[in-house]
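The numbering of the sequence shown is the working numbering, which starts it at 2 and goes up by one. All C-beta atoms in this analysis are idealised placements derived from N, C-alpha and C, irrespective of residue type, glycine included. Predicted model only: the values in this text are computed from it and were never measured.
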Amino acid sequence: MTGTAGFIPVLHAATQSRPDEIDTIVAAQSVAGALARLGYATEIIGLAPDLGGLEALAARRPLLVFNLVDAVGGDCRLAAMVPARLDALALHYTGARTSAWLDTLSKIGTKLKLAHAGLPTPDWSQDGTGFDPDAHVIVKPVWEHGSLGIDPASVTRGAGAARAIVERTLRWRTEHFAERYIDGREFAIAMIEQPDGVEVLPISETLFHGFGEGEPLITDYDAKWTPGSQPYVGTPRRFGVEEDAPELAAELTRLALACWELFNLDGYARVDFRVDRTGAPFILEVNMNPCLSADAGFAASALEAGIDYDAMIARVIQASLGRLQATA
Numbered sequence: 002m003t004g005t006a007g008f009i010p011v012l013h014a015a016t017q018s019r020p021d022e023i024d025t026i027v028a029a030q031s032v033a034g035a036l037a038r039l040g041y042a043t044e045i046i047g048l049a050p051d052l053g054g055l056e057a058l059a060a061r062r063p064l065l066v067f068n069l070v071d072a073v074g075g076d077c078r079l080a081a082m083v084p085a086r087l088d089a090l091a092l093h094y095t096g097a098r099t100s101a102w103l104d105t106l107s108k109i110g111t112k113l114k115l116a117h118a119g120l121p122t123p124d125w126s127q128d129g130t131g132f133d134p135d136a137h138v139i140v141k142p143v144w145e146h147g148s149l150g151i152d153p154a155s156v157t158r159g160a161g162a163a164r165a166i167v168e169r170t171l172r173w174r175t176e177h178f179a180e181r182y183i184d185g186r187e188f189a190i191a192m193i194e195q196p197d198g199v200e201v202l203p204i205s206e207t208l209f210h211g212f213g214e215g216e217p218l219i220t221d222y223d224a225k226w227t228p229g230s231q232p233y234v235g236t237p238r239r240f241g242v243e244e245d246a247p248e249l250a251a252e253l254t255r256l257a258l259a260c261w262e263l264f265n266l267d268g269y270a271r272v273d274f275r276v277d278r279t280g281a282p283f284i285l286e287v288n289m290n291p292c293l294s295a296d297a298g299f300a301a302s303a304l305e306a307g308i309d310y311d312a313m314i315a316r317v318i319q320a321s322l323g324r325l326q327a328t329a
């Protein structure tokens, strides 16, 4: 632990049991490296499931805690425990507040809030009923992130949705639900807080290359975490929708900023969309703690805006310190 600008530890609670969990550890290493280059004293702290060690951390009086916890021991349902505990210890931290975590951990809870606010999100069902029997639906985990539990067979017909929910709930040992499958394009909007408001970074589109006839065009678990697989190599990202389709880009931006306000987000966040064949956008997820590893989509969007990795981390820090100063 060296540095003169203050002590900012990097917090995670990941295991090494799955590629998505390991990626959180990689992100912690990337962030810690940037903090050191920025002149901060830092170290990586991996929390145990009981969150032991936070009291000892509080005694060290860090300037800020860089919170990368998006699951505790592989369980995303527990992630909100960490900001809640940091609040109780009066430790200041990066990213979303506890209330935003509670609002967005459950995909169903997120969709309920979006629908209540009049923001577009695909129709869904917790038990698989209510869909047209021939309609395509996608069965997803309620709580998990990183496309865990999603594969091509996750997309099924409405007639089989209820059975698929039961089968996948038993297989993955976590709740599932069904959502109308939006056949079309996929976008992600990364946002980062600035002193004068929220900056929307260049919009990223996921392309789908080399998929078989009738195969669903989705970013499944292999697409994110299995290098060399067809889904992984067949889903490159591209930028340029702002120039190619400015009206669509403007609407995606409007919706992303509406999500920021609705969920009272802080620091940085990402909103994921599908756009159907008519050009209508639908909000899939609001991610208040997107991956910050150096090769992740958030960093790619920042770089597209001319913000290198260290500068991106510096902006996250400054947003949190600015909030701290505003409440002092």
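Spell out the partners DSSP gives residue i in its beta bridges.
i, result
"Trp125", "Glu180"
"Arg239", "Glu206"
"Pro282", "Val276"
"Lys141", "Phe178"
"Val167", "Beta-bridge pairing links Val167 to no other residue."
"His13", "Gly47"
"Ala42", "Phe8"
"Asn288", "Arg271"
For residue i, which option in the options has the closest C-alpha, if you only look at C-alpha atoms?
i, options, result
"Gly185", "Arg324, Gly213 and Pro217", "Pro217"
"Glu56", "Val83, Ala250 and Val73", "Val83"
"Gln17", "Val73, Thr279, Pro247 and Gly307", "Val73"
"Ala116", "Gly198, Leu285, Ala14 and Leu48", "Leu285"
"Ala15", "Ala33, Ala6, Phe8 and Ala29", "Ala29"
"Leu92", "Thr25, Leu64 and Ile46", "Leu64"
"Ala270", "Ser148, Ala259, Asp311 and Asp24", "Ala259"
"Thr95", "Pro232, Ile9, Glu145 and Asp273", "Ile9"
"Asp152", "Val140, Ala160, Arg158 and Gly159", "Val140"
"Ala320", "Gly53, Arg19, Ala97 and Val11", "Ala97"
"Glu200", "Trp261, Leu69 and Lys114", "Trp261"
"Leu69", "Pro20, Gly119, Ala60 and Ser31", "Ser31"
"Ala327", "Ile314, Tyr41, Pro196 and Pro20", "Pro196"
"Thr227", "Ala6, Asp24 and His13", "Asp24"
"Glu187", "Leu253, Gly213 and Val317", "Leu253"
"Val138", "Ala160, Thr170, Asp273 and Trp173", "Ala160"
"Ile314", "Ile193, Glu214, Ala246 and Pro247", "Ile193"
"Arg61", "Ala49, Gly215 and Leu90", "Leu90"
"Pro20", "Glu244, Gly147 and Ala165", "Gly147"
I need the DSSP call for residue i, collapsed to helix, strand or coil.
i, result
"Ile314", "helix"
"Thr111", "helix"
"Gly47", "strand"
"Met82", "helix"
"Val66", "strand"
"Thr95", "coil"
"Gly185", "strand"
"Tyr269", "strand"
"Ile26", "helix"
"Asp21", "helix"
"Asp296", "coil"
"Glu262", "helix"
"Thr254", "helix"
"Asp1", "Residue 1 falls outside the range modelled here, since the chain spans only 2 to 329, and no answer is possible."
"Ala246", "coil"
"Glu194", "strand"
"Arg158", "strand"
"Asp76", "strand"
"Glu200", "strand"
"Ser230", "coil"
By Cβ distance below 6 Å, which residues in the same chain neighbour residue i in space, the five residues on each side in sequence not counted?
i, result
"Asn265", "Ala101"
"Val143", "Ser107, Lys108, Ile109, Glu176 and Phe178"
"Ser302", "Ala191, Leu202, Pro203 and Ser205"
"Ala33", "Val11, Thr43 and Ile45"
"Arg86", "Leu52 and Leu55"
"Leu103", "Ala81"
"Ala306", "Leu202 and Pro203"
"Pro50", "Val73 and Gly74"
"Ala136", "Gly159"
"Leu48", "Ala14"
Within the same chain, show all residues whose beta-carbon is closer than 8 Å to that of residue i, passing over the 5 residues directly before and after it, in chain order.
i, result
"Leu249", "Val242, Val276, Gly280 and Pro282"
"Asp311", "Ala35, Arg38 and Leu39"
"Glu22", "Ala15, Thr16, Ala72 and Gly75"
"Arg278", "Asp184 and Gly185"
Less than 7 Å between C-beta atoms, sequence neighbours within five positions excluded: which residues of the same chain meet that for residue i?
i, result
"Arg324", "Asp267"
"Thr105", "Thr111, Phe264, Val287 and Met289"
"Arg78", "Leu106 and Trp144"
"Thr170", "Glu176 and His177"
"Ala163", "Asp128, Gly129 and Thr130"
"Tyr233", "Asp223, Ala224 and Thr227"
Taking 7 Å as the line, does the beta carbon of residue i fall inside it for any heavy atom of the ligand MN?
i, result
"Glu252", "As far as ligands go, the structure on display features none, and thus does not contain the ligand MN."
Are the C-beta atoms of residue i and some chain C residue less than 8 Å apart?
i, result
"Ala28", "Judged by its chain identifiers, the structure shown contains no chain C, having just a single protein chain."
Would you say the segment 123 to 131 touches the segment 166 to 179, given that touching needs at least three Cβ pairs under 8 Å? yes
Taking 8 Å as the cut-off, does the segment 234 to 243 touch the segment 278 to 297 (at least 3 CB pairs, one atom from each stretch)? no
The segment 197 to 212 contacting the segment 298 to 305, beta-carbon criterion three pairs below 8 Å: yes
Within 8 Å, do at least three Cβ pairs link the segment 221 to 233 to the segment 151 to 170? yes
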